[in-house]
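Enquirer: Supplied in structure tokens, the structure appears directly below.
Protein chains: 2
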Amino acid sequence: MELLEQRIRKDGKVKSGDVLKVDSFLNHQMDVKLFAEIGLEFQRLFGAEGVTKILTVEASGIGIACITAQYFDVPVIFAKKNKTKNIAGDVYTSKVESFTHGKIYDIIVAKEFLLPTDRVLIIDDFLANGSALMGLIKLVSDAGAALVGAGIAVEKAFQPGGELVRSHGVRVESLAKVKSMSEETGVVFC
Amino acid sequence: MELLEQRIRKDGKVKSGDVLKVDSFLNHQMDVKLFAEIGLEFQRLFGAEGVTKILTVEASGIGIACITAQYFDVPVIFAKKNKTKNIAGDVYTSKVESFTHGKIYDIIVAKEFLLPTDRVLIIDDFLANGSALMGLIKLVSDAGAALVGAGIAVEKAFQPGGELVRSHGVRVESLAKVKSMSEETGVVFC
Numbered sequence: 017m018e019l020l021e022q023r024i025r026k027d028g029k030v031k032s033g034d035v036l037k038v039d040s041f042l043n044h045q046m047d048v049k050l051f052a053e054i055g056l057e058f059q060r061l062f063g064a065e066g067v068t069k070i071l072t073v074e075a076s077g078i079g080i081a082c083i084t085a086q087y088f089d090v091p092v093i094f095a096k097k098n099k100t101k102n103i104a105g106d107v108y109t110s111k112v113e114s115f116t117h118g119k120i121y122d123i124i125v126a127k128e129f130l131l132p133t134d135r136v137l138i139i140d141d142f143l144a145n146g147s148a149l150m151g152l153i154k155l156v157s158d159a160g161a162a163l164v165g166a167g168i169a170v171e172k173a174f175q176p177g178g179e180l181v182r183s184h185g186v187r188v189e190s191l192a193k194v195k196s197m198s199e200e201t202g203v204v205f206c
Numbered sequence: 017m018e019l020l021e022q023r024i025r026k027d028g029k030v031k032s033g034d035v036l037k038v039d040s041f042l043n044h045q046m047d048v049k050l051f052a053e054i055g056l057e058f059q060r061l062f063g064a065e066g067v068t069k070i071l072t073v074e075a076s077g078i079g080i081a082c083i084t085a086q087y088f089d090v091p092v093i094f095a096k097k098n099k100t101k102n103i104a105g106d107v108y109t110s111k112v113e114s115f116t117h118g119k120i121y122d123i124i125v126a127k128e129f130l131l132p133t134d135r136v137l138i139i140d141d142f143l144a145n146g147s148a149l150m151g152l153i154k155l156v157s158d159a160g161a162a163l164v165g166a167g168i169a170v171e172k173a174f175q176p177g178g179e180l181v182r183s184h185g186v187r188v189e190s191l192a193k194v195k196s197m198s199e200e201t202g203v204v205f206c
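So the sequences go chain by chain: Y and C. Going by our numbering, the first residue of the first sequence is number 17, and it counts up by one from there. Going by our numbering, the first residue of the second sequence is number 17, and it counts up by one from there.
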């Protein structure tokens, strides 16, 4: 998606440790006009798939997921991060490893909101090592729901997440795929 | 807002410990059509105030804030919760006490996104004891920005947050004000 790539080139900042800072428009300050274009593109890609729910994970996926859901006319569920081990109630749960923060945490979704009859589109802002996405996929699978695919804003294609998830037969559509990046060259897209 | 009150009456669940569960449409599963009506109402209330930024706090405020921002044509910033004490970079920070979880945590916003020239509307899903809202107000104040007010979906008017925040001269507009609630009587609005 040209618009998103342009924006990353213009406002993204490459930091040491393979960090791509896009917090001026994507995951701290959020440009909802850009999110509308992102949502429309996901609707173009997945609009024929009979999606009944959009699933994301807190926190930075929620904005894109909600704006996108308007084009699908379906509700959003966000998986909650649960650092404690006290998971209350009737929930599906997965373990996710955050490489940025070096922590393992649980993500949970109440069973009542993810049904075997659902056709689920996962939406997230980033795909890097794929741990969060694999965790979300497990929630859908545990619920016996159908997974339509995953719509990702920015995929760091030089990290293993995309290949990992696609090797499980999941359709992953990333709107900007970063091939390489460095403070010298900036961001190069696939 | 009649539509939101109706929805709370229909789908909200009163639990022990003054808990109002609205997670089927507001803060776990999210009804983005309802959010659009909420956003329009906030636009009606605050649309003449020259709002330049909408500020919320992760996680459950983000969806309502993003949908609302579409009607104001402004970006959203969400304050990040930071349970560690390692706050990196140039940020404004406040302490917030969660009565639900019994924890004190920091919320942070990068200084570059909250400017003295900004006119800020705070949006959140709940107002109960007011700790999160007072924390957000402090961030706006520390930035030297103008605070237009706070738009809240559900205020538990029998808890002290609303009075606390209004006593500081802040305009608080709550779309559903819960006067009392119990498992027997259900939810009574002001």
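Glycine is no exception: its CB is placed at the ideal position from the N, C-alpha and C atoms.
Along the beta strand (DSSP E) that carries residue 72/C, what are the first and last residues, could you check?
Expert: Residue 72/C -> beta strand (DSSP E) spans 69 to 73.
Enquirer: Quick check on residue 83/C - is its C-beta less than 8 Å from some C-beta in chain Y?
Expert: Judged by the 8 Å Cβ criterion, residue 83/C is in contact with chain Y.
Enquirer: Could you give the uninterrupted runs of the beta strand (DSSP E) lying entirely in the segment 131 to 176 of chain C, keeping only those of 3 residues or more?
Expert: Qualifying beta strand (DSSP E) stretches, in chain order: 135 to 143 and 162 to 172.
Enquirer: Give the single residue among 192/Y, 53/Y, 98/Y and 165/Y whose Cα lies nearest to the Cα of residue 80/Y.
Expert: It is 53/Y.
Enquirer: Just by C-beta distance, which residues in the segment 66 to 77 of chain C are closer than 7 Å to chain Y?
Expert: Here the close residues are 74 and 75.
Enquirer: Is there a Cβ from chain Y that is less than 8 Å from the Cβ of residue 184/C?
Expert: It does not: the Cβ of residue 184/C has no partner Cβ on chain Y nearer than 8 Å.
Enquirer: Just to confirm, are residue 171/C and residue 154/C a CB contact at a threshold of 8 Å?
Expert: Going by C-beta atoms, residue 171/C is not nearer than 8 Å to residue 154/C.
Enquirer: Using only the alpha-carbon positions, how far apart do residue 134/C and residue 90/C sit?
Expert: Cα to Cα, residue 134/C sits roughly 11 Å from residue 90/C.
Enquirer: I need the DSSP call for residue 84/Y, collapsed to helix, strand or coil.
Expert: The answer is helix: DSSP assigns residue 84/Y an H, G or I state.
Enquirer: Please name the residues in the segment 46 to 60 of chain C whose beta-carbon is closer than 8 Å to at least one beta-carbon of chain Y, in chain order.
Expert: Hits within the stretch, in order: 46, 47, 48, 49, 51 and 52.
Enquirer: What's the call for residue 39/C, buried or exposed, on a 16-neighbour Cβ count within 10 Å?
Expert: Its Cβ being crowded by 16 or more others within 10 Å, residue 39/C is buried.
Enquirer: Using a beta-carbon distance below 8 Å, is residue 154/Y in contact with chain C?
Expert: Cβ-Cβ to chain C under 8 Å: no for residue 154/Y.
Enquirer: Once DSSP output is grouped into helix, strand and coil, what is the label at residue 66/Y?
Expert: Three-state DSSP puts residue 66/Y in coil, outside helix and strand.
Enquirer: Could you work out which residue in 182/Y, 72/Y and 174/Y is closest to residue 36/Y when comparing CA atoms only?
Expert: For the residues 182/Y, 72/Y and 174/Y, the minimum Cα distance to residue 36/Y belongs to 174/Y.
Enquirer: Would you please verify whether the beta carbon of residue 129/C is less than 8 Å from any beta carbon of chain Y?
Expert: Yes, because at least one Cβ of chain Y sits closer than 8 Å to the Cβ of residue 129/C.
Enquirer: Taking only beta-carbon positions, decide if residue 92/Y is within less than 8 Å of chain C.
Expert: Yes, residue 92/Y lies at the interface with chain C (some Cβ there is under 8 Å from its Cβ).
Enquirer: What is the DSSP secondary structure of residue 183/C, reduced to helix, strand or coil?
Expert: Residue 183/C: helix per DSSP, three-state reduction.
Enquirer: So what's residue 41/Y in DSSP terms, helix, strand or just coil?
Expert: If DSSP states are grouped into helix, strand and coil, residue 41/Y belongs with coil.
Enquirer: At the level of alpha carbons, what is the spacing between residue 74/C and residue 205/Y?
Expert: So the alpha carbons of these two residues sit roughly 30 Å apart.
Enquirer: For a contact defined as C-beta to C-beta under 8 Å, what are the partners of residue 7/C on chain Y?
Expert: No answer is possible for residue 7/C: it lies beyond the span of chain C, which begins at 17 and ends at 206.
Enquirer: Residues in its own chain within less than 8 Å of residue 176/Y by CB, not counting five upstream and five downstream?
Expert: If we look at residue 176/Y and ignore the five residues flanking it on each side, its Cβ neighbours are 145 and 146.
Enquirer: Taking the alpha-carbon positions, what's the residue 57/C to residue 66/C distance?
Expert: Computed Cα separation, rounded: 16 Å.
Enquirer: So, is residue 72/C buried or exposed, given that buried needs 16 or more other C-beta atoms within 10 angstroms?
Expert: So residue 72/C ends up on the buried side.
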